[in-house]
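> Quick one: this structure, given as structure tokens, is what I'll be asking you about.
There are 2 protein chains.
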Amino acid sequence: MKGFRDFYPEDKRKENYIFNIWKKIAEKYGYEEIDMPILEDAEIYNKSGQEIPEQIYRFKDKKEREIALRPETTPSVARMVKANPSVRTPIKWFSISQCYRYEKLQKGRGREFYQLNVDFLGTREMQSDAEIIVTLINILKEFGLTEKDFYIKISNRTLLNDLFKSLNIKNAKEVSRLLDKREKISESDLKKELKKLKLDNKQANKLFELFKLDSLNKIKIESNGLDELKELFEILKRYNADKYCKLDLSIMRGFDYYTSTVFEAFDKKKEFRSIAGGGRYDDLAGMPGVGYGMGDIVLGLLLEEKGKLNDLRNETDVLLIPIKTLDKCIAIAEKLRNEGIKVKLDLLDRNISKNLDYADKLKIPYVIIIGEDELKQKKLKLKNMKTGNEKLVKIEEIKKLL
Amino acid sequence: MKGFRDFYPEDKRKENYIFNIWKKIAEKYGYEEIDMPILEDAEIYNKSGQEIPEQIYRFKDKKEREIALRPETTPSVARMVKANPSVRTPIKWFSISQCYRYEKLQKGRGREFYQLNVDFLGTREMQSDAEIIVTLINILKEFGLTEKDFYIKISNRTLLNDLFKSLNIKNAKEVSRLLDKREKISESDLKKELKKLKLDNKQANKLFELFKLDSLNKIKIESNGLDELKELFEILKRYNADKYCKLDLSIMRGFDYYTSTVFEAFDKKKEFRSIAGGGRYDDLAGMPGVGYGMGDIVLGLLLEEKGKLNDLRNETDVLLIPIKTLDKCIAIAEKLRNEGIKVKLDLLDRNISKNLDYADKLKIPYVIIIGEDELKQKKLKLKNMKTGNEKLVKIEEIKKLL
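Right, here's the structure in full:
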């Protein structure tokens, strides 16, 4: 079906490469993995903003309940936290889960995607916002990306609301939603739309000025959000993470449930949509929380472009090719497997050239050839598929040669 | 929602333990991982037998197409093989995927489950059936189960059909479907039902005799299925796998798409439903194939009973507790993380006893305590949570002490 991906082995290898790094870094910071069903009561997505609820795959089950295929993970995390009051805080969880959205197909968007979700619940301390952002940065670094490739734009909704108030803008929610789309429409169109929302020219220009601000020191109002943002940038320095971060008050994020910190990761060339995004949601889970989601599609496009997904080899270490020696080779293959070597044994009596072609196409790094001669000599012929080198070796030596 | 599982960290740890062994053994034999969407066109399940199509979660998408949440994986594998004629044979694939069935809730059955699927396509050789069964046995062995805990019942549909013919039973399909339920109803009820299907007493008794057969040598008809079964048991011997296997002609398997070999894994105490089941399907994928599915629910119950899922520790290696030293501890935590240690850092300035209780409940094996004294001495206090032992150690020594 259109918009849905089948993962053949070469595709799944790339996915696993991505998933393994997601998991590695989340666990490095002490986050624990969770999982939940793809089906949820549709009503838990009521706070997911304007766009997402329209894109939900919904259906009624046999008892006429309205069921949704999850379009994102945060509401499920909040549901799980609320459902289990005995869970220990602080909660540091991550999940890698498939999500579904029925939306227009375009570059960087399918109807199904995998998403890493990382969450820190149980505190309002900016320390947790900082750690969450640091895990995001470290994931992108682990993929070999540097400060030349990406940055994190950071803002704070409380501060933005206070700034709106100081500009006498009353309909903050509508204005925010419009501004969230500002990269998709021209500045003149945007001004027209702002006029419709009763903003005069002066207010609109002030807004555009704010969005260009690169330092918090230039903001002269009293705001709890301003204090939070200052503290957050201070802590990020202690992680040497500030060079990846950038104040950008234009960051909105579509979700209605964010209450203060919001952030989004972008590629510096601006070729792609955001790589990841998140924020603080203090009213969703019965306790304060902060987290983000990172999908596999935009990230995958970026990594492909940077050449990070080429050359991923087959998990199989060796294709073992018996030449009329299958019975004996079953025992040899079992021996190698028990030493921890991943062995694909040709069971079909195919000739060497067919087998070599197969190993080549599947990117299996080594083949072992065993005919009667090799059995007599108690040696195996080991061929490195990359270099083409062949060696006669004892079975006990194989492991250290791979 | 009822029948759907949330996986909190302690649950997910058990799942990951199961998934990791599934993956480890499948890869040990050279099977490559694949993945596919949970949504499929509903029509691909038409050959899944009688029961499963009734249990499918179905809905119509915005274009009124009938969509299913996959109830099992084999039809998706067959679809992927047919969709990509350039894929290299033999195909050795596995997947770990969530499946959904709307069925009555009972022990060992939820409405959602994870399933390992292992498939070998592209040949009719019994070598592939044998290897597939060997991977199944090795998975159960890797969980610490022995021949005292489980066995594999093996049969062959071609042989059974030939035996039906030799007994002059015409309606093989209906009889098979009835016999598939024979463990759920009494022998006398079964005989009544067989009568309804026009089997006389003699035929019924002959059938029951066949189902008690423990050796193929007692079968005296010509049958390709008989030859296949004999060859299969011969090859299983070469893997030393025959002691786990047992002829049992009563094995039916619900799926209509199986054509010859069928097998099912059971716990020897017969406390649970089947642990795994599979067979050969030569008319489903445009090429011959053999494979099986193993769910996580029955397996999980069995492993719980055997005590294999207790004591799984947290992935986090260390909880680092700063005593008024958080700023300095951020750098220390980062240093340890970069050495490959998974560190959860207390960011909330909680006291030692709260932190120790937290580490204990989360099954984190070590804590490190760092106060001003430790900073002055350039040492950390390392506490083993299991033994209670405490040691003052240098930061460089931590890694080898964990």
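Protein sequences appear in the order of chains G and F.
Residues -2 to 399 in my numbering are what the first sequence lists, from first letter to last.
Residues -2 to 399 in my numbering are what the second sequence lists, from first letter to last.
Virtual Cβ for every residue (Gly too), placed ideally from N, Cα, C.
1) Could you check what DSSP says for Gln374(G) in three-state terms: helix, strand or coil?
2) I want to see whether chain G comes within less than 8 Å of Trp19(F), judged by CB atoms only; does it?
3) Taking Met382(G) as the query, report the chain F residues whose CB atoms sit under 7 Å from its CB, ordered along the chain.
4) How far does the alpha helix (DSSP H) with Asn335(F) in it reach, from first residue to last?
5) Could you give the first and the last residue of the continuous alpha helix (DSSP H) run that contains Leu402(F)?
6) If the criterion is Cβ atoms closer than 8 Å, does the pair Gly368(G) and Ile320(G) meet it?
7) According to DSSP, is Gln95(F) helix, strand or coil?
8) Determine, for Glu115(G), whether the minimum Cβ-Cβ distance to residues of chain F falls below 8 Å.
9) Which residues in chain G have a C-beta closer than 9 Å to the C-beta of Ile392(F)? List them in chain order.
10) Note down, in chain order, all residues in the segment 355 to 388 of chain F with a beta-carbon under 7 Å from any beta-carbon belonging to chain G.
11) Using a Cβ-Cβ cutoff of less than 7 Å, which residues in the same chain neighbour Arg334(G) once the five nearest sequence positions on both sides are dropped?
12) Report the rounded CA-to-CA distance for Glu12(F) versus Trp19(F), giving the unit in angstroms.
13) Can you find the residues in the same chain that come closer than 8 Å, C-beta to C-beta, to Gly222(F), ignoring five residues on each side of it along the sequence?
14) Could you give the C-beta distance for Tyr14(G) and Leu309(G), rounded to a whole number, given that I count them as a contact under 8 Å?
15) Mind listing which residues of the segment 129 to 162 of chain F have their C-beta closer than 7 Å to chain G's C-betas, in chain order?
16) If we define contact as Cβ-Cβ less than 8 Å, is Met284(F) a contact residue for chain G?
17) Can you list, in chain order, the residues of its chain with a C-beta nearer than 7 Å to that of Phe269(F)? Leave out the 5 residues immediately preceding and following it.
18) Any idea what DSSP makes of Pro34(G), helix, strand or coil?
19) Could you tell me whether any Cβ in chain F is nearer than 8 Å to the Cβ of Glu24(G)?
20) Pull up the CB-CB distance for Ile129(F) and Gly288(F), whole angstroms please, since I reckon it's below 8 Å.
21) By how many angstroms is the C-alpha of Ile93(F) removed from the C-alpha of Gly0(G)?
22) Check whether the Cβ atoms of Leu316(G) and Tyr355(G) lie closer than 8 Å to each other.
23) Are Ala23(G) and Thr132(G) touching if we call contact CB-CB under 8 Å?
24) Please decide whether Glu331(F) counts as near chain G, where near means a Cβ-Cβ distance under 8 Å.
25) Who are the near neighbours of Val115(G) in its chain, counting only those whose CB is closer than 7 Å to its CB and skipping five residues on each side?
26) Considering only DSSP beta bridges, list what Gly274(G) is partnered with.
27) The beta strand (DSSP E) with Tyr254(F) in it runs from where to where?
28) Counting only beta-carbon atoms, is Gln124(F) nearer than 8 Å to chain G?
29) Using CA coordinates, which residue listed in Lys89(F), Arg55(F), Gln103(F) is at the minimum distance from Pro6(G)?
30) Based on Cα-Cα distance, which residue from Ile64(G), Lys57(G), Met(-2)(G) lies nearest to Ala80(F)?
31) Please list, in chain order, the residues of the segment 81 to 100 of chain G that have any C-beta partner in chain F closer than 8 Å.
32) For a contact meaning CB atoms closer than 7 Å, what does Ile35(G) contact in chain F?
33) So, does the CB of Ile327(G) fall closer than 8 Å to a CB anywhere in chain F?
34) Would you mind giving the Cβ-Cβ distance between Met284(G) and Leu137(G), rounded to the nearest angstrom? I have them listed as a contact below 8 Å.
35) Can you check whether the CB of Ala75(G) is closer than 8 Å to the CB of Glu37(G)?
36) Considering only the beta carbon of each residue, do Glu336(G) and Lys396(G) sit closer than 8 Å?
Well, looking at it:
1) helix
2) It does not; no Cβ of chain G falls within 8 Å.
3) Those within 7 Å of Met382(G) in chain F number zero; the least Cβ separation is about 14 Å.
4) 323 to 335
5) Given that chain F is displayed from residue -2 to residue 399, the structure contains no residue 402(F) and the question cannot be resolved.
6) Contact check for Gly368(G) against Ile320(G) passes: the beta carbons are separated by less than 8 Å.
7) strand
8) Residue identity differs from the one stated: residue 115(G) is Val in this sequence, not Glu. It does not: the Cβ of Val115(G) has no partner Cβ on chain F nearer than 8 Å.
9) What Ile392(F) touches in chain G: nothing, since even the nearest Cβ is about 17 Å away.
10) Tyr355, Lys358, Leu359
11) Val340
12) 11 Å
13) For Gly222(F), where only same-chain residues beyond five positions count, the Cβ hits under 8 Å are Asn153, Arg154, Thr155, Leu156, Leu157, Asn158, Asp159, Ser257.
14) 6 Å
15) none
16) no
17) Here the set comprises Gly105, Val295, Leu298, Leu299.
18) coil
19) yes
20) Between Ile129(F) and Gly288(F) the beta-carbon gap is near 6 Å, inside 8 Å, which marks them as a contact.
21) 21 Å
22) Inclusion of Leu316(G) and Tyr355(G) in the CB contact set at 8 Å is warranted, their separation being smaller than that value.
23) yes
24) yes
25) Ala23, Tyr28, Phe91, Ile129, Thr132, Gly288, Tyr289
26) Glu261(G), Gly290(G)
27) No beta strand (DSSP E) holds Tyr254(F); DSSP gives it neither H nor E.
28) Judged by the 8 Å Cβ criterion, Gln124(F) is in contact with chain G.
29) Taking only the C-alpha atoms, the option nearest Pro6(G) is Lys89(F).
30) Met(-2)(G)
31) Residues passing the 8 Å Cβ filter: Asn81, Val84, Arg85, Pro87, Lys89, Trp90, Gln95, Tyr97, Tyr99.
32) Ile35, Gln95
33) Yes, its Cβ sits closer than 8 Å to a Cβ of chain F.
34) Actually they are not in contact, since the Cβ atoms of Met284(G) and Leu137(G) sit about 28 Å apart, beyond 8 Å.
35) no
36) Between Glu336(G) and Lys396(G), the gap from beta carbon to beta carbon is short of 8 Å.
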